[in-house]
Amino acid sequence: MARNFGLDTPRETRRSLRGNIDPETFGRLSERFARFLGTARFLVYMTAFVLTWVLWNTLAPRDIRFDNYPFIFLTLILSLQASYAAPLILLAQNRQADRDRIALNEDRAQNARSIADTEYLTRELASLRIALGDVATRDYLRNELGDMAKEIVVELRKPESDAK
Numbered sequence: 526m527a528r529n530f531g532l533d534t535p536r537e538t539r540r541s542l543r544g545n546i547d548p549e550t551f552g553r554l555s556e557r558f559a560r561f562l563g564t565a566r567f568l569v570y571m572t573a574f575v576l577t578w579v580l581w582n583t584l585a586p587r588d589i590r591f592d593n594y595p596f597i598f599l600t601l602i603l604s605l606q607a608s609y610a611a612p613l614i615l616l617a618q619n620r621q622a623d624r625d626r627i628a629l630n631e632d633r634a635q636n637a638r639s640i641a642d643t644e645y646l647t648r649e650l651a652s653l654r655i656a657l658g659d660v661a662t663r664d665y666l667r668n669e670l671g672d673m674a675k676e677i678v679v680e681l682r683k684p685e686s687d688a689k
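Heads up, the sequence shown is in the numbering used here, so the first residue is 526 and it goes up one at a time.
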């Protein structure tokens, strides 16, 4: 049976020897690790670990010591921890920078929408002011009605002979 290699047919998934690592999960793990490295708790734990290591390898009987004075194995462990911590911290910083960039773009878009809304409301307010300039106000109507009432009173007071 011939395989169809057309673009309209999805490929079958192949098994791989590589593990399937979700980048989001790994990123969250690196952020948690970086956050932990920046705490006082980590400093206390690390200080206790190093002090215990040094005290054990200097005060314990010689036959049960596993790392003598220059503490080469301790140096190796600390170097290994630092070599893994640095890239994880950088990964966490890059993820934070990406989040900051997205938030900045969203803020810019929100500001642009706010400016557009403000400009629209300003134009609407200006058009209302122009339209109100053409509309008779209460004071204007009161004055006009008062003038007409005075004219009517004057006309009514005129003698009838003047009216004919």
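From the three backbone atoms N, C-alpha and C, an ideal C-beta is built for every residue, glycine too.
- In the pairwise beta carbon analysis, the stretch 538-557 is classified as touching the stretch 613-631: at least three pairs are separated by under 8 Å.
- Our two residues, T662 and L650, have alpha carbons roughly 18 Å apart in a direct line.
- For L653, the enclosing alpha helix (DSSP H) has its first and last residue at I597 to D659.
- Between the stretch 641-659 and the stretch 582-600, the count of C-beta pairs closer than 8 Å stays below three; the two stretches do not touch.
- With fewer than 16 neighbouring CB atoms inside 10 Å of its own CB, A637 falls in the exposed class.
- In this model, L603 and S639 are separated by some 52 Å (Cα to Cα).
- Boundaries of the alpha helix (DSSP H) around L580: A565 to L584.
- Judged by beta-carbon spacing, R620 lies within the 8 Å limit of G552, meaning their Cβ atoms are closer than that value.
- Assignment of L532 by DSSP, reduced to helix, strand and coil, places it in the coil class.
- According to the DSSP assignment, S555 belongs to the alpha helix (DSSP H) that extends over P548 to L562.
- Judged by beta-carbon spacing, F591 lies within the 8 Å limit of N582, meaning their Cβ atoms are closer than that value.
- Judged by DSSP in its simplified three-state form, R587 adopts helix.
- Linking F561 to D533 through their CA atoms gives a straight-line distance of about 48 Å.
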